[in-house]
Each structure stands twice: as structure tokens, then as C-alpha cells.
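Everything on this sheet refers to the single structure shown next.
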Amino acid sequence: MRSLIDGIGMTSQRTRDRLVERLQEQGVRDPTVLEVMRRTPRHLFVDEALASRAYEDTALPIGHGQTISQPYVVARMSELVVAGGAPEKVLEVGTGSGYQAAVLAQLVSRVYSVERIEELQQQARQRFRALGLRNIRLQHSDGAGGWESAAPFGAIVVTAGSEDIPQSLLTQLAPGGRLVMPVGDRGRQSLVMVTRRETVYERVDLEPVSFVPLRQGAT
Ligand code: SAH
Numbered sequence: 009m010r011s012l013i014d015g016i017g018m019t020s021q022r023t024r025d026r027l028v029e030r031l032q033e034q035g036v037r038d039p040t041v042l043e044v045m046r047r048t049p050r051h052l053f054v055d056e057a058l059a060s061r062a063y064e065d066t067a068l069p070i071g072h073g074q075t076i077s078q079p080y081v082v083a084r085m086s087e088l089v090v091a092g093g094a095p096e097k098v099l100e101v102g103t104g105s106g107y108q109a110a111v112l113a114q115l116v117s118r119v120y121s122v123e124r125i126e127e128l129q130q131q132a133r134q135r136f137r138a139l140g141l142r143n144i145r146l147q148h149s150d151g152a153g154g155w156e157s158a159a160p161f162g163a164i165v166v167t168a169g170s171e172d173i174p175q176s177l178l179t180q181l182a183p184g185g186r187l188v189m190p191v192g193d194r195g196r197q198s199l200v201m202v203t204r205r206e207t208v209y210e211r212v213d214l215e216p217v218s219f220v221p222l223r224q225g226a227t
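Going by our numbering, 80 is the number at position 72 of the sequence shown; the sequence numbering is gapless.
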């Protein structure tokens with residue numbers, strides 16, 4: 009999908025190219041995901057004071073005790089979402105800076121993203137507008153309840169960790185759909201993928217990750 013992103017942020021293109029090389033070394037293979045990572049200006053998703061660190065492969069603070077996810081994890085989750093064909097509709101729980109949503113929005117037709125902290129949501133909305141990303145819908149609520157009126161989703165990505173997978177999210181998965189989420193105690197989470205089959209849910213534990221916790225309620 010073309011957007012203003014194609015013409016923006018050329019100044020850091022070389023650092024972004026290096027980031028993509030590192031992602032490849034770490035095992036990210038999907039060419040479309042790599043291309044989207046190459047052109048998405050991550051420095052616009054963090055505070056100006058941190059912009060020079062935007063292409064390091066680390067999580068960075070975005071205020072309210074939250075973080076923008078590490079590029080490797082964003083690429084990995086995106087790869088899991090599109091493996092076997094890009095779904096039409098994806099739900100993200102935890103908009104945060106909006107970076108993961110911006111990457112997904114260039115891979116699928118429509119992204120629905122839920123955030124519990126209103127100020128973060130508003131900042132993300134401004135970034136999407138500035139970048140010309142028009143296929144992202146935002147909602148301010150506790151994402152554990154998903155987004156009932158837009159369900160079912162071909163994929164659900166949760167970008168905050170919890171010991172349990174919220175039941176509503178599982179029921180909002182389309183048949184064949186997949187949920188990707190960090191599951192476990194803080195500090196001991198693994199990236200889990202659940203695929204909805206006709207009558208059963210199949211779970212695979214993939215690799216250790218470290219995310220901020222999923223919290224209840226909206227502020
Ligand atoms: N995807 C984000 C990652 C942000 S960190 C990015 O690319 O920047 C996780 C986010 O999840 C935080 O913004 C946090 O406020 C939000 N969050 C935590 N619990 C939530 C919940 N129950 N519902 C919605 N958002 C939640």
C-alpha cells in the first residue's frame with residue numbers, strides 16, 4: 009500500500025537499511041515485512057530526544073511507563089501475522105506509539121488498534137495522519153475485551169504481556185485466524201501463537217520476549 013511514508017524520512021534511510029540487515033541476520037525472512045521495516049520511519053514514533061536511537065534494535069520509552077516495541081519483535085510478530093497469506097483485518101491490543109500498527113497497516117487491508125491510555129492513543133493518531141496511513145481504526149478501551157463490533161479478525165496481535173490469554177480475544181478470531189501474544193510472568197514471557205481451527209485452538213510457544221504488562225481498565 010502506498011502512502012506518504014514512501015517520501016518521508018530519507019535522512020535516516022541508511023540507518024534503516026542497517027537495521028534491516030540486522031533483522032535478516034536474526035532470522036526475519038519475509039521480503040514484504042523487511043521492505044515495510046525498511047521504509048517505516050521509526051524515529052517519528054518516539055520523542056525527538058530519542059530519535060537518534062530509533063534504529064537501535066531496542067525498546068525505547070514512550071511515556072506513561074510504556075515502551076515502543078523492539079524492531080526485531082515488531083518484524084517477527086508481523087511475519088507471523090502474514091505467514092500463509094495476509095489476513096484482511098487485524099486487531100492490535102496496545103497501540104502505544106503506533107509503530108507496530110503502522111507496520112501492519114502496510115501489510116494488511118485494515119488494522120483495528122485498541123489502547124487503554126488516551127494520551128498515547130492521541131499521539132499515535134496524529135502520527136498516522138502525518139504519515140497518510142488511513143486504514144487504521146483506533147479505540148480507547150481495555151483491549152482484553154477485543155473489538156466486538158469489528159470481529160472476527162484474521163489475526164490478533166497483543167503487544168503487552170499477560171499470564172492468561174483473554175478469552176474474548178480467542179472468540180474474536182476467525183476460523184484459521186491466529187493470535188500472537190507474549191504470555192507469562194514479566195521477565196519470563198514467551199511469544200505464543202494460537203491458531204483457531206474448526207473446533208480447537210492450537211498453541212505453539214515460540215521464543216522468549218519481554219513486554220510491558222497488560223493492565224486492566226482504561227485511563
Ligand atoms: N505496539 C506498541 C507497543 C506499546 S507497549 C508500539 O508499537 O509502540 C504496550 C501498550 O499496551 C502500552 O501502550 C499500554 O498502555 C497498552 N496496554 C496495556 N494493557 C492494555 C489493555 N488492557 N488494553 C489496551 N492497551 C493496553
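C-beta atoms are modelled at their ideal positions from N, C-alpha and C, and glycine is treated no differently.
{"query": "My assumption, with CB atoms under 8 Å, is that residue 161 sits in contact with residue 180. Please give the rounded CB distance.", "result": "6 Å"}
{"query": "Identify whether residue 203 lies in helix, strand or coil by the three-state DSSP scheme.", "result": "strand"}
{"query": "May I have the straight-line CA-CA distance separating residue 93 from residue 116, to the nearest angstrom?", "result": "10 Å"}
{"query": "Does at least one heavy atom of the ligand SAH sit under 6 Å from the Cβ of residue 122?", "result": "yes"}
{"query": "To which residues of the same chain is residue 218 closer than 6 Å at the C-beta, ignoring the five residues directly before and after it?", "result": "none"}
{"query": "How many whole angstroms separate the CB atoms of residue 97 and residue 120, which I take to be in contact at a CB cut-off of 8 Å?", "result": "7 Å"}
{"query": "Hey, out of 106, 123 and 30, whose CA is closest to residue 137's CA?", "result": "106"}
{"query": "Can you pull the DSSP bridge partners for residue 182?", "result": "The partner list for residue 182 (beta bridge, DSSP) is empty, contrary to what the question assumes."}
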